[in-house]
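Chemist: Handing you this structure, nothing more for now.
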Amino acid sequence: MVKDADETEIESSARRKVLKGALWGSLAIVSGVSLWQLSLTESVETVEADEYPYRFLNMDERLLLWAIIPAYLYPALDKNDEESRFLVLRNIDGAISGLPQSTQDELRQLFSLLSFQLGKALVAGIWTRWNQADINSLQSFLTAWRESYVALLRVGYLGLHQIIVGSFYGEPMSWQAIGYPGPPQMNLPESFYEDF
Amino acid sequence: MKTSNTFDAATLQKKTLAADVVIVGTGAGGGVSAEIFAEAGYKVLLIEEGPLKTARDFNMREKEAYPQLYQESAGRKTLDKAINILQGRAVGGSTTVNWTTSFRTPEQTLKHWQTHFEIGGHSKESLAPWFAKMEQRLNIEPWQIPANPNNRTIANGAEKLGWSHATIARNVKGCANLGYCGLGCPINAKQSMLVTTIPTALKAGARLIYKARVERITYSNEAVTGCELIAMDGFGQPITDTTISIKAPLVILSAGAIGSPAVLLRSKVPDPNNLIGKRTFLHPTVISAAVMPEAVNGYAGAPQSIYSDHFLWPDDNEMGFKIEAAPLHPLLTSTVLTSFGQEHFALMQQFPNIQGSIALLRDGFSEQSVGGEVVLDDYGFPKVKYELNDYFWKGAKKALLAMAEMQFAAGAKQVLPIHLYATPYRSWNEAKAAIEQLSMKPLEALVFSAHVMGGCAMGGDEELSVVDESGRYRHLDGLYIFDGSIFPTSIGANPQLSIYGLVAKLASELVAGSRI
Chain U
237 MVKDADETEI ESSARRKVLK GALWGSLAIV SGVSLWQLSL TESVETVEAD EYPYRFLNMD
297 ERLLLWAIIP AYLYPALDKN DEESRFLVLR NIDGAISGLP QSTQDELRQL FSLLSFQLGK
357 ALVAGIWTRW NQADINSLQS FLTAWRESYV ALLRVGYLGL HQIIVGSFYG EPMSWQAIGY
417 PGPPQMNLPE SFYEDF
Chain X
121 MKTSNTFDAA TLQKKTLAAD VVIVGTGAGG GVSAEIFAEA GYKVLLIEEG PLKTARDFNM
181 REKEAYPQLY QESAGRKTLD KAINILQGRA VGGSTTVNWT TSFRTPEQTL KHWQTHFEIG
241 GHSKESLAPW FAKMEQRLNI EPWQIPANPN NRTIANGAEK LGWSHATIAR NVKGCANLGY
301 CGLGCPINAK QSMLVTTIPT ALKAGARLIY KARVERITYS NEAVTGCELI AMDGFGQPIT
361 DTTISIKAPL VILSAGAIGS PAVLLRSKVP DPNNLIGKRT FLHPTVISAA VMPEAVNGYA
421 GAPQSIYSDH FLWPDDNEMG FKIEAAPLHP LLTSTVLTSF GQEHFALMQQ FPNIQGSIAL
481 LRDGFSEQSV GGEVVLDDYG FPKVKYELND YFWKGAKKAL LAMAEMQFAA GAKQVLPIHL
541 YATPYRSWNE AKAAIEQLSM KPLEALVFSA HVMGGCAMGG DEELSVVDES GRYRHLDGLY
601 IFDGSIFPTS IGANPQLSIY GLVAKLASEL VAGSRI
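From first to last, the protein sequence lines are chains U and X.
So the first sequence is numbered by the working numbering: it starts at 237 and just counts up by one.
So the second sequence is numbered by the working numbering: it starts at 121 and just counts up by one.
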C-alpha cells in the first residue's frame, strides 16, 4: 500500500540529510534509491525551496523529474530556464492527479525503479555528477530504456515521455518555436452563451 | 441548458432520490435515451461521472480540456499500456469531444451480425428511418466547406493511386471550421448530446446529477430496484464518504463499452455464461505522420472531412482498415512522436507541415479477432485487457504501408510511421523497405483507440449474448443497455451515428411497449 504522504515526506527528507553527510560507497548498495540525487546538489536547494502545493509528487520524485525533464526536452526547453521547468513539473503533478489510483500506484513504482536504475548508473560510474554537461548521459539512459527488449522499460520510457513532453507542449511558452499560433481568440459576448 | 435541474453530486443535500427511469451515462446512448423517455413523460434521472462543462468553459486549450473532459486525462490505456484510448468523460460523454464524424452502420456489419449473432431485427432497412431521424435531429450532412490541407492530403493521395475516397458527414450547425472539436466546441456548433438531447430532456423535467459514479445497480428478486452513486471530486477521484441511493424500477445503462461492463461487474449481477466485459472492441489504430512541402496547419479546420474505405473490406480474411485524418494540436502531437531531445524537437519544429493519417482496424469480424476484456482493478476501477496478436499486426503493417504510399503520392517530403524504431523516410521505396522490416510488437508500434465498443454483446442466442436484440439484459428485469457496448463486433466506421440510430430505435420501442 502507498504510505501516507506526510510520512513519506518526512522519511525522504531525513534520508537525504543522512545521505548528504555520508560516505557514498557503503551507502550505495543499501540506499540506491536516493543516492543518485546527491549528484543533484546544485538543484536540490531550488527544488526544495519550491512551495507549490503538489498533490502527488513527493520531494524525491520532484528531484528525479527535475533531472529527467531536460533529458526528454533539451534543446526545446532551455536547460537554464527554471521557470519553465517548474511549470512542466506542476503540469505533471496535475496530470497524474487525474489518473486512477492503480495507475498512480504504478507511477510511484516507476519513479522508484527509475531512481534505482539511475542510482546504479551513478555508482557504476556510467555518469558521475549531475551538471549541465550530463544531459548526454541521461539521454543515453533514455535510449537504453527506449530500445530495451524488456517491455516494462519501454512502458516506463513511453509513460514518462507522454507526461513530460505533453506537460511542455501544452504550454504557450513552447508554441512559438514550433510555429503554432495558439487557439483563436473568441471574445464572444455573454449573451451568446445565455442563448443556450 | 436548464441548469436548475442539474446537480453536482458532492453538494447534493438529499441522499435518497427516486425516478421512473435512471439513465447511467450521458453520451450518445444516454443522451438519446434521456430525450425519448423525458418527452414520453417519464420522470428521468441522468447520472454522469464527469463534470458539467459548456461552451463557456471550452477555451481550446489542450492542457485544460484533456484532464477535464477525457477519461484518465486522455491517457487511458489498456492493462499492458500498449493501446492509448481517447474517451470522453463529461456531460455529453464522448460526443462532447469527438471529431463529429458520422457514418451509418455499414451494411456489411449488419449482415455479419445477422449471420454470426442471430440479430435479425436490425437490418439496413429497419434502421434506415432511425438513422434518418437522428441525422435530422443532429443536423448530420456531408461537409460542404472544402477539406483542410490535412484531409485534402488523403483525397490527393487516394486520387493519384486510384483508391476510393469520399466526403465525411458531420453533426454540426453553424460550424466556423475552427478545428478544435476535440477540446469541446466553443460556439455550440457541434450537435453533441450536450447541446441537443440533454437540454431537451432537462426542459421536459429530467434531472441530471454530474460528477457521480454509479457504484452498483441494486436488485432484488431478479428485478432492478435502482442504483447507488458515489460523488467524484474535480480530479475524477471518488469522494468515498458521499454516497447517494436512487430508487427506480427501470435502469438504462449507457456508460459506454468500458463503463457499462464495469458497472455490471461491480454490481455482481447474475451472469451465468460469464460474458460481461468480453469481446471489447477498439478499432485499434495506427498512425503515419508526413512532412508536407507546404504548411498543413493540422490544428485548423474540420478535423475529419475525407476518408478512404479502399482497404476496409478486403476479399481475404485479413483485418480491413479505414483511413482518415487526425487533427494535430501541439500537446497530443508531441506525445505521439516518440523520440526525445534533439530528434523530437527537430520534428516538432516542422509542426505546421505535419500531416497526420490514421488507419482504424476493423476488429471482431474474424475468429482470429476476439477483442479484449473489461476487468476491475483492486479499486473497482475498469481496466481493458486487449491482446494485439499476429492477425492484428499483419493488418497494422499493411495499414502503415498504405498510408505511407498515399502520403508520398500526395507529395510528402518525408513519412514517419509512429513506431519506436522508425525514422522519417524520404521516398516511398525507402519507406516500403523499412516498414516491411519493422518489428510489429506491442509498445514498439504505437496503437491508439478513440472508439470503444462491445463488452455487453447483443445476440439471438441466450448462451452467447448479454442482452437480446431489444437491449434487455437477459438475467434481470428492468435493466436495459443502450450504448455501444451492445455491438457484437466493432462497427468498421466511427460509431457515434450507429449508437444514435440503434438507441433511438430501442428506446422508442421500449417506451411504446411499456406504460408508466
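Every residue gets a Cβ at the ideal spot worked out from N, C-alpha and C, and that includes glycine.
Would you please verify whether the beta carbon of Leu207 of chain U is less than 9 Å from any beta carbon of chain X?
Modeler: Nothing can be reported for residue 207 of chain U: it is not among the residues displayed for chain U, which extend from 237 to 432.
Chemist: Taking all protein chains shown into account, do 16 or more other C-beta atoms lie within 10 angstroms of the C-beta of Ile265 of chain X, making it buried, or fewer, making it exposed?
Modeler: Classification of Ile265 of chain X: exposed, given that the 10 Å Cβ count is below 16.
Chemist: When you compare only the Cα positions, how much space is there between Ala530 of chain X and Lys561 of chain X?
Modeler: Computed Cα separation, rounded: 29 Å.
Chemist: CB Leu299 of chain U to CB Glu407 of chain U, shorter than 9 Å?
Modeler: Cβ distance not < 9 Å, so Leu299 of chain U and Glu407 of chain U don't count as in contact.
Chemist: So what does Gln475 of chain X bridge to, in DSSP terms?
Modeler: In DSSP, Gln475 of chain X forms a bridge with X:Ala410.
Chemist: Measuring alpha carbon to alpha carbon, tell me which residue in X:Leu206, X:Lys625, X:Asp588 is nearest Gln91 of chain X.
Modeler: Residue 91 of chain X lies beyond the range of chain X shown here (121 to 636); nothing can be said about it.
Chemist: Name the chain X residues that come within less than 8 Å of Glu407 of chain U, Cβ to Cβ?
Modeler: Here the neighbours are Lys183.
Chemist: So Met361 of chain X is in the beta strand (DSSP E); what residue range does that whole segment cover?
Modeler: Before going on, a small fix: residue 361 of chain X reads as Asp here, not Met. Where Asp361 of chain X is concerned, the enclosing beta strand (DSSP E) stretches over 358-367.
Chemist: Counting only runs that start and end within the segment 541-593 of chain X, where is the beta strand (DSSP E) found for 3 or more residues in a row?
Modeler: The qualifying runs are 567-569.
Chemist: With distances taken from CA atoms, which of X:Asp510, X:Tyr506, X:Asn549, X:Tyr541 is nearest Met526 of chain X?
Modeler: Among X:Asp510, X:Tyr506, X:Asn549, X:Tyr541, the Cα nearest to that of Met526 of chain X is on X:Asn549.
Chemist: Give a yes or no on contact between the segment 478-487 of chain X and the segment 430-446 of chain X, applying the rule of three or more CB pairs nearer than 8 Å.
Modeler: Flag = yes, the segment 478-487 of chain X and the segment 430-446 of chain X touch.
Chemist: Over the uninterrupted beta strand (DSSP E) stretch that includes Glu335 of chain X, give me the two end residues.
Modeler: 332-340 is the extent of the beta strand (DSSP E) around Glu335 of chain X.
Chemist: Between which residues of its own chain and His449 of chain X is the CB-CB distance below 7 Å, once the five residues before and five after are set aside?
Modeler: Contacts found: Glu182, Tyr419.
Chemist: Apply the 10 Å Cβ neighbour rule to Arg399 of chain X and answer buried if 16 or more other Cβ atoms are within range, or exposed otherwise.
Modeler: The residue in question, Arg399 of chain X, is buried, as its Cβ has 16 or more Cβ neighbours within 10 Å.
Chemist: How big is the Cα-Cα spacing for Leu293 of chain U and Glu169 of chain X?
Modeler: Cα to Cα, Leu293 of chain U sits roughly 25 Å from Glu169 of chain X.
Chemist: How many angstroms separate the CA atom of Gly145 of chain X from the CA atom of Val567 of chain X?
Modeler: For Gly145 of chain X and Val567 of chain X, the distance between alpha carbons rounds to 27 Å.
Chemist: Please classify Asp581 of chain X: is it buried, with 16 or more other beta-carbons within 10 angstroms of its beta-carbon, or exposed?
Modeler: Per the 10 Å Cβ criterion, exposed.
Chemist: Per DSSP, what kind of secondary structure is Phe127 of chain X in: helix, strand or coil?
Modeler: Phe127 of chain X falls in the strand class under three-state DSSP.
Chemist: Closer than 9 Å, CB to CB, is Thr174 of chain X near chain C or not?
Modeler: Of the protein chains in this structure, namely U and X, none is chain C.
Chemist: I'd like the list of long-range same chain contacts for Glu238 of chain X, defined as Cβ closer than 7 Å, with 5 residues on each side in sequence excluded.
Modeler: If we look at Glu238 of chain X and ignore the five residues flanking it on each side, its Cβ neighbours are Gly579, Gly580, Asp581.
Chemist: Considering Tyr393 of chain U, what are the terminal residues of the beta strand (DSSP E) in which it resides?
Modeler: No beta strand (DSSP E) contains Tyr393 of chain U, which is instead part of the alpha helix (DSSP H) from 387-405.
Chemist: Quick check: what's the CA-CA separation for Tyr330 of chain X versus Ala321 of chain X?
Modeler: Near 15 Å, if we compare the C-alpha coordinates of Ala321 of chain X and Tyr330 of chain X.
Chemist: Express the C-alpha separation of Ser320 of chain U and Glu287 of chain U in angstroms, rounding to a whole number.
Modeler: Going by the C-alpha atoms only, they are around 16 Å apart.
Chemist: Cutting at 6 Å between CB atoms, please list the residues of its own chain near Lys533 of chain X, excluding the five before and the five after it.
Modeler: These residues qualify, in order along the chain: Val411, Pro413.
Chemist: Along the segment 467-495 of chain X, where does the CB come closer than 9 Å to a CB of chain U? Name the residues.
Modeler: Per Cβ criterion, the list reads Met468, Gln469, Gln470, Phe471, Pro472, Asn473.
Chemist: Under 8 Å Cβ to Cβ from Glu159 of chain X, same chain only, skipping five residues before and after it: list those, please.
Modeler: Thr320, Ala321, Ala324.
Chemist: How would you label Tyr385 of chain U, buried or exposed, when you count the other beta carbons within 10 angstroms and need 16 or more for buried?
Modeler: By the neighbour-count rule (16 or more Cβ atoms within 10 Å), Tyr385 of chain U is not buried but exposed.
Chemist: Throw me the rounded Cβ distance for the Val572 of chain X and Gly376 of chain X pair, which I believe falls under 8 Å.
Modeler: Confirmed, about 6 Å.
Chemist: Spell out a yes or no on whether the segment 490-510 of chain X and the segment 182-201 of chain X are touching, meaning 3 or more CB-CB pairs, one atom from each, closer than 8 Å.
Modeler: The segment 490-510 of chain X, when compared against the segment 182-201 of chain X, does touch it at the 8 Å Cβ threshold.
Chemist: Among residues of its own chain, excluding the 5 on either side of Ala296 of chain X, which ones have a beta-carbon nearer than 7 Å to its beta-carbon?
Modeler: Ile307, Ala309, listed in sequence order.
Chemist: Which residues share a DSSP beta bridge with Met352 of chain X?
Modeler: DSSP output for Met352 of chain X lists X:Pro358 as bridge partner(s).
Chemist: Of all the CB atoms in chain U, is at least one closer than 9 Å to the CB of Ile359 of chain X?
Modeler: So no, Ile359 of chain X is outside the interface.
Chemist: Select from the segment 198-211 of chain X all residues with a C-beta closer than 7 Å to any C-beta belonging to chain U, and list them in chain order.
Modeler: The residues in question are Lys201.
Chemist: Tell me which residues share the same chain as Asp128 of chain X and place their Cβ nearer than 7 Å to its Cβ, disregarding the 5 neighbours each side in the sequence.
Modeler: Counting only Cβ-Cβ distances below 7 Å, and skipping sequence neighbours, we find Tyr330, Lys331.
Chemist: Kindly examine the ligand FMN and report whether one of its heavy atoms sits closer than 8 Å to the Cβ of Leu508 of chain X.
Modeler: With respect to small molecules bound, the structure shown includes none, and the ligand FMN cannot be examined in it.
Chemist: Three or more beta-carbon pairs under 8 Å between the segment 507-521 of chain X and the segment 341-358 of chain U, yes or no?
Modeler: No contact exists between the segment 507-521 of chain X and the segment 341-358 of chain U.
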